[in-house]
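Below is one structure, written out as structure tokens; comments come after it.
In mature numbering (1 follows the signal peptide of the UniProt record, and there is no 0), the protein residues as written are -21 to -1, 1 to 188.
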């Protein structure tokens, strides 16, 4: 009886592991956490407006989707896009009421499974690639060059619920140089580090080959 139970556990673990040729689609949600300030100092509200020091972005809620393809048993590629609903971290003394500042994060990544749990459909993986970070919202109406090329890297956990359904947890960091312009003025380039933590359900669209 014990051997039969062990055999069932092993077969389930193998069947719930993504295999070469499998294509997956997932929707995810999570948190957006910017780790660096956008400006050391910036004047807002026109030429007579106040100067705000160390203006940053507030944490926000993030929604997105991901398409993944398993190339080898441990190697895969995936493309993702997410949209973070956020605002600027304005000081309480500021009279500025327009603080909308949403962020689009998109990237193409390679994933590498570095750990597969024995007798379990759980695996850990690293990811790395490149993409874009773009800001939009009412605050950025008078700014240009608010989109930047970004490097993306992170790690994640995948757990097979069934052979065609997986639960994923991902941490991914977008690193890029932010150098917007306003009129004829170009702000000093600032390195940004935007961390996203997401929980997703991944559905296998095609059977493993």
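C-beta atoms are modelled at their ideal positions from N, C-alpha and C, and glycine is treated no differently.
Sequence-distant residues of its chain with Cβ nearer than 6 angstroms to residue i (five each side left out)
i	result
residue 10	176
residue 171	15, 155, 157
residue 116	79, 80, 81
Pick from the options that is closest to residue i, judged by C-alpha positions
i	options	result
residue 129	113, 117, 146	113
residue 134	124, 119, 151	151
residue 55	7, 93, 178, 140	93
residue 108	116, 132, 7, 95	132
residue 166	12, 20, 3	20
residue 105	37, 179, 148, 180	148
residue 68	37, 126, 100	37
residue 181	90, 46, 160	46
residue 88	110, 168, 102	110
residue 41	83, 153, 137, 1	83
residue 39	137, 63, 173	63
Secondary structure of residue i, DSSP reduced to three states
i	result
residue 122	coil
residue 15	coil
residue 98	coil
Limits of the beta strand (DSSP E) - the one that residue i falls within
i	result
residue 191	The structure shown does not extend to residue 191, since the chain is modelled only from -21 to 188, so the question has no answer here.
residue 92	81 to 95
residue 198	The structure shown does not extend to residue 198, since the chain is modelled only from -21 through 188, so no value can be given for it.
residue 39	39 to 49
Residues near residue i by beta carbon distance below 7 angstroms, same chain, minus five either side
i	result
residue 120	none
Kindly provide the ranges of any beta strand (DSSP E) runs that are 3 or more residues long and lie completely inside the segment 122 to 170, ordered along the chain.
126 to 141, 144 to 157
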